[in-house]
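Quick note on the working numbering: the sequence shown kicks off at 40 and runs consecutively.
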Amino acid sequence: MGAELPGFQGRTVTPDKPGYDRARRVRNARIDRRPALIARCNDAEDVMAVLAHARASGLPVAVRGGGAHVAGWGTCDDGVVIDMGGMKDIDVDPLGRTAVVGAGVTWRELDAATQEFGLAVPGPRNADVGVGGHTLGGGVGDLSRRHGLTSDNVTFFDLVTATGRHIRADAEQYPELFWALRGGGGNFGVVTRFGFALHPVTTVTAGALTHPAHQASTALRAARDWLSTAPDAASLVAVLWNAPPLPFVPERLHFERCAVLIPTFFGPPEEAADVLAPLRRGAVRPVSDTVGEMSYVAYQRLLPSPPRYREQHVYNRGELFPELSDTTVDRLIGHWETAGPNYSVVLGALGGAITRAPAGQTAFAHRGAQWFVELCAQWYGDAASEAHLEPARTAWQGLQNVTQGPYVNLLPDPEPQWVRAAYGGATYERLARLKQAWDPDNLFRFNANVPPAAAKESEQ
40 MGAELPGFQG
50 RTVTPDKPGY
60 DRARRVRNAR
70 IDRRPALIAR
80 CNDAEDVMAV
90 LAHARASGLP
100 VAVRGGGAHV
110 AGWGTCDDGV
120 VIDMGGMKDI
130 DVDPLGRTAV
140 VGAGVTWREL
150 DAATQEFGLA
160 VPGPRNADVG
170 VGGHTLGGGV
180 GDLSRRHGLT
190 SDNVTFFDLV
200 TATGRHIRAD
210 AEQYPELFWA
220 LRGGGGNFGV
230 VTRFGFALHP
240 VTTVTAGALT
250 HPAHQASTAL
260 RAARDWLSTA
270 PDAASLVAVL
280 WNAPPLPFVP
290 ERLHFERCAV
300 LIPTFFGPPE
310 EAADVLAPLR
320 RGAVRPVSDT
330 VGEMSYVAYQ
340 RLLPSPPRYR
350 EQHVYNRGEL
360 FPELSDTTVD
370 RLIGHWETAG
380 PNYSVVLGAL
390 GGAITRAPAG
400 QTAFAHRGAQ
410 WFVELCAQWY
420 GDAASEAHLE
430 PARTAWQGLQ
440 NVTQGPYVNL
450 LPDPEPQWVR
460 AAYGGATYER
470 LARLKQAWDP
480 DNLFRFNANV
490 PPAAAKESEQ
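Structure follows, in structure tokens:
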């Protein structure tokens, strides 16, 4: 028990204790911050005790779930980190098709638990990501075309508010807060548990179609055209990269520039061949085709985290596109071809159930987007290396005339204009009013921050 935190039953880590340097790290090695206290919480009561201590001491507060957000919002300098990584409870109700999930759970852990019953909730394309941050930012993934965003599948949030109250927000209790938490990020409290609706998913037909660099343009156009008529049960990820030595990449293309299409089909396996045929046997044939039926868990692990990822510096930004025109495809590929080997582009299919949901149903504002594009630099060495940062920054800046806005979960640039663009004007204003009601002092500000309406007005 931390003597300095009355009522706290978890474990504290301070700069003078062993393990501090490891405990303060987040997934992105470029983020190097030194909190005064890291409080590893066991439950909501621990969170309440830590918040009371922070308020009484006047210390800033950062909230960490899975710790994977590359912008480093799970830590801060000279403040308190509420670390919920140990809150791993998962309770699956297979008959009701629901799950109650602790804030420290990762998608790898949740998928393993729900797949015991042939169920799943739409999640990200990297199983090492934490459930909490991904969900609060909206949450996109391959199941989203069929079953909506991760946040569309939330049934309730248990959270601790800025004043230390422990409440539940759902469609009947605090419905406006429930709206905001589904896409509005961590602006309104510390979510300790999530309720999810689950969907039957057991196997998926998926795999990698690898193309050498000179076929990248044709392959991306084929993927775009295919998606425009594909059923909601189909989705796709495309990656432009210097290929790592993964099992699905031909050895002769290891560490070479290439384009990889990863189509998925969640419908009946016997229909998969016809649905995926335009990508597998189109005008340009892949040099490698590993598409086949696999378990959902195996599919979620197709794109693993890189080795030594905790030592890796990362700058990545996600943009949401209403379409991929030929001009946009050419710009993405042209930039990739001239950037260094540590730069990659990831494209993910949206649309389907995401777009059909009523506008304004949640705080995720860009439902009309059909594609998600991540521009990513990953490197070792100098954390401030402009040689690595500049290509990624130049790329997204050059696309601002064709994007709907940034994706909240991949926004490393916290300037107010980009936060506003990520939420959309009307949604941003509504969030600011709600922030004034629930967190008027902006205690929860290490996020894609929406200042309270009163503070925002005073700055104008």
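Just so it is clear, CB atoms sit at the ideal spot from N, CA and C, and this is done for glycine as well.
According to DSSP, residues forming a beta bridge with residue i
{"i": "residue 357", "result": "413"}
{"i": "residue 281", "result": "296"}
{"i": "residue 122", "result": "79, 103"}
{"i": "residue 274", "result": "303"}
{"i": "residue 332", "result": "244"}
{"i": "residue 50", "result": "79"}
{"i": "residue 195", "result": "234"}
{"i": "residue 131", "result": "138"}
{"i": "residue 444", "result": "359"}
{"i": "residue 418", "result": "352"}
{"i": "residue 327", "result": "249"}
Chain-order list of residues whose beta-carbon lies under 6 angstroms from that of residue i (same chain, five-residue window excluded)
{"i": "residue 150", "result": "336, 339"}
{"i": "residue 65", "result": "106, 111, 113, 114"}
{"i": "residue 246", "result": "329, 330, 331"}
{"i": "residue 458", "result": "487"}
{"i": "residue 306", "result": "272"}
{"i": "residue 98", "result": "118, 119"}
{"i": "residue 172", "result": "104, 108"}
{"i": "residue 302", "result": "275, 315, 318"}
{"i": "residue 59", "result": "52"}
{"i": "residue 415", "result": "355, 383"}
Per-residue burial, residue i [other beta carbons within 10 Å of its own, 16 or more giving buried]
{"i": "residue 56", "result": "exposed"}
{"i": "residue 478", "result": "buried"}
{"i": "residue 419", "result": "exposed"}
{"i": "residue 324", "result": "exposed"}
{"i": "residue 349", "result": "exposed"}
{"i": "residue 51", "result": "buried"}
{"i": "residue 405", "result": "buried"}
{"i": "residue 498", "result": "Below a pLDDT of 50, predicted positions are generally treated as unreliable, and residue 498, at 45, falls in that range; the measurement from the model is reported next regardless. The residue in question, residue 498, is exposed, as its Cβ has fewer than 16 Cβ neighbours within 10 Å."}
{"i": "residue 466", "result": "buried"}
{"i": "residue 181", "result": "buried"}
{"i": "residue 440", "result": "exposed"}
{"i": "residue 74", "result": "buried"}
{"i": "residue 49", "result": "buried"}
{"i": "residue 413", "result": "buried"}
{"i": "residue 148", "result": "buried"}
{"i": "residue 463", "result": "buried"}
{"i": "residue 417", "result": "buried"}
C-beta atoms of residue i and residue j nearer than 8 angstroms
{"i": "residue 115", "j": "residue 101", "result": "yes"}
{"i": "residue 34", "j": "residue 44", "result": "Nothing about residue 34 can be read from this structure; the chain reaches only from 40 to 499."}
{"i": "residue 300", "j": "residue 275", "result": "yes"}
{"i": "residue 351", "j": "residue 345", "result": "yes"}
{"i": "residue 249", "j": "residue 288", "result": "yes"}
{"i": "residue 131", "j": "residue 152", "result": "yes"}
{"i": "residue 228", "j": "residue 210", "result": "no"}
{"i": "residue 491", "j": "residue 474", "result": "yes"}
{"i": "residue 208", "j": "residue 470", "result": "no"}
{"i": "residue 447", "j": "residue 224", "result": "yes"}
{"i": "residue 422", "j": "residue 69", "result": "yes"}
{"i": "residue 194", "j": "residue 234", "result": "yes"}
{"i": "residue 378", "j": "residue 308", "result": "no"}
{"i": "residue 449", "j": "residue 355", "result": "yes"}
{"i": "residue 375", "j": "residue 279", "result": "yes"}
{"i": "residue 322", "j": "residue 257", "result": "yes"}
{"i": "residue 483", "j": "residue 67", "result": "no"}
Beta-carbon proximity list for residue i, same chain, < 7 angstroms, skipping 5 on both sides
{"i": "residue 190", "result": "174, 177, 178, 221, 222, 401, 403"}
{"i": "residue 380", "result": "281"}
{"i": "residue 311", "result": "244, 304"}
{"i": "residue 333", "result": "242, 243, 245"}
{"i": "residue 442", "result": "358, 359, 360"}
{"i": "residue 198", "result": "206, 208, 228, 229, 230, 231"}
{"i": "residue 363", "result": "263, 410"}
{"i": "residue 296", "result": "252, 281"}
{"i": "residue 128", "result": "141"}
{"i": "residue 91", "result": "203"}
{"i": "residue 394", "result": "406, 407"}
Beta-carbon contacts of residue i that lie in its chain and below 8 angstroms, excluding the five residues immediately before and after
{"i": "residue 103", "result": "65, 113, 114, 120, 121, 122, 123, 124"}
{"i": "residue 32", "result": "This structure gives no information on residue 32, because the portion of the chain shown stretches from 40 to 499."}
{"i": "residue 72", "result": "63, 111, 114, 115, 116"}
{"i": "residue 481", "result": "474, 488, 490, 491, 494"}
Short CB-CB distance (under 8 angstroms) between residue i and chain B
{"i": "residue 253", "result": "The displayed structure is made up of one protein chain only, and chain B is not part of it."}
3 or more residues per run - each beta strand (DSSP E) lying fully within the region 201-254: As far as the region 201-254 is concerned, its whole beta strand (DSSP E) runs of at least 3 residues are 205-208, 229-236, 242-245, 248-251.
Start-end ranges of the beta strand (DSSP E) lying completely within the region 367-405, minimum 3 residues: Here the runs fully enclosed are 382-388.
Residue ranges of each beta strand (DSSP E) within the region 133-180, 3 or longer: 137-141
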